[in-house]
Structures are given as structure tokens and as C-alpha cells.
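Residue numbers (full-length UniProt numbering): 1 to 117. Using N, Cα and C, we set each Cβ at its ideal position, and we do this for glycine too.
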Amino acid sequence: ILYKRLVFAAPRVPVTLGAKIINGVKVPDDSMQFMASLQTTDGHMCGGSLISDNFVLTAAHCADDDNHLPVRVVLGTHNLRKTGTVRNIVQRCKHPDYQPNTLENDIMLLKVSIYIF
1 ILYKRLVFAA PRVPVTLGAK IINGVKVPDD SMQFMASLQT TDGHMCGGSL
51 ISDNFVLTAA HCADDDNHLP VRVVLGTHNL RKTGTVRNIV QRCKHPDYQP
101 NTLENDIMLL KVSIYIF
């Protein structure tokens with residue numbers, strides 16, 4: 001089964017706001033409405049994708065640290081210094097077979113507080 005092999009393996013590195021685009025071009029500001037920034041009270045910590053009016057798909061490892069959990073989702077902005085559409089996370093659902101040591105099944109759904117669209 002395909003989902004058993006699905007792995008989002010991304011190293012945890014500090015986020016540098018204002019980093020340059022390498023071998024790409026900037027898209028129009030209003031074209032990122034489905035890209036999500038998962039944030040703690042301190043700011044951005046992981047990325048995700050809006051897949052329905054109130055669910056964001058992301059990696060399960062983004063919620064491995066109980067002391068550093070994402071609490072809100074910011075959508076619709078390419079500049080994290082500005083505020084986009086902000087929604088609180090009301091439920092986290094990790095894949096039942098997620099393995100934090102190997103990152104197997106590293107996938108999670110986040111339910112947000114209010115419909116986005």
C-alpha cells in the first residue's frame with residue numbers, strides 16, 4: 001500500500017525569514033492560498049498544505065515535541081512577517097502507524113477552528 005511508504009523526511013533547521021529563492025522565481029503574492037505555516041507561540045515551525053475547508057496536511061514529526069507543538073496555522077501569505085489568514089488548531093491526528101525513529105508514515109492531519117473558505 002502506497003501510504004505505508006510515505007515519508008516526509010525534513011531535517012529540523014532554524015528558519016531564516018527573508019531567505020533567497022534558489023533557481024526559481026517569486027510567484028504573485030495571492031497565489032499561495034493553500035500553503036500553510038504551522039506556528040507555535042514563538043513563530044513558524046513547519047509547513048503544510050490546506051486540503052479542505054478546515055484541514056491541513058503536514059508531517060507527523062512536526063508534533064513530536066510536546067513542549068513545542070504547533071498551535072495555529074497561517075495561510076495566504078508568502079511573508080511570515082505579515083499576517084495572513086490565521087486559524088487555531090483544534091485537533092491533531094497522526095497516522096496510527098507513525099514511527100518517530102524512522103519517520104515511516106510521517107503524516108498528520110490538523111483540524112482548524114473555523115472554515116478557511
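(request) For residue 104, verify whether its CB is less than 6 Å away from any heavy atom of the ligand COA. (result) Among the ligands in the structure shown, none appear at all, so the ligand COA cannot be discussed.
(request) Take residue 77 as the anchor and find which of 68, 28, 22 has the nearest alpha-carbon. (result) Here residue 77 corresponds to residue number 77 of the sequence shown, with the count starting at 1. Looking at the Cα atoms, 28 is the closest of the given residues.
(request) Check each candidate in 81, 49, 30, 66 and name the one with the smallest Cα separation from residue 38. (result) Within the sequence shown, residue 38 is the residue found at index 38, counting from 1. Considering only alpha carbons, the answer is 49.
(request) Could you name the residues of the same chain whose beta carbon sits closer than 6 Å to that of residue 85, not counting the 5 residues immediately before and after it, in chain order? (result) Within the sequence shown, numbered from 1, the residue matching residue 85 stands at position 85. Cβ-Cβ distances below 6 Å link residue 85 to 75, 76 in the same chain, with the five nearest sequence neighbours on each side left out; the list follows chain order.
(request) Name, in chain order, the residues that DSSP records as bridge partners for residue 111. (result) Residue 111 sits at position 111 when you count from the first residue of the sequence shown. Paired residue(s): 55, 91.
(message) What does the Cβ neighbour count give for residue 23, buried or exposed, with the cut at 16 atoms within 10 Å?
(response) Mapped onto the sequence shown, residue 23 falls at position 23. By the beta-carbon neighbour count (other beta carbons within 10 angstroms, threshold 16), residue 23 is exposed.
(request) Name, in chain order, the residues that DSSP records as bridge partners for residue 36. (result) Indexing the sequence shown from 1 puts residue 36 at position 36. For residue 36, which the question treats as bridged, DSSP gives the partners 48, 75.
(request) Check residue 98 in the structure and name its three-state DSSP category. (result) Within the sequence shown, the letter at position 98 stands for residue 98. Here residue 98 sits in coil by DSSP.
(message) For residue 4, which residues in the same chain have their Cβ closer than 6 Å to its Cβ, ignoring the five residues on either side in sequence?
(response) One-based indexing of the sequence shown puts residue 4 at position 4. Residue placement at residue 4 cannot be trusted, given a pLDDT of 42 that sits under 50; the coordinates are not used to answer.
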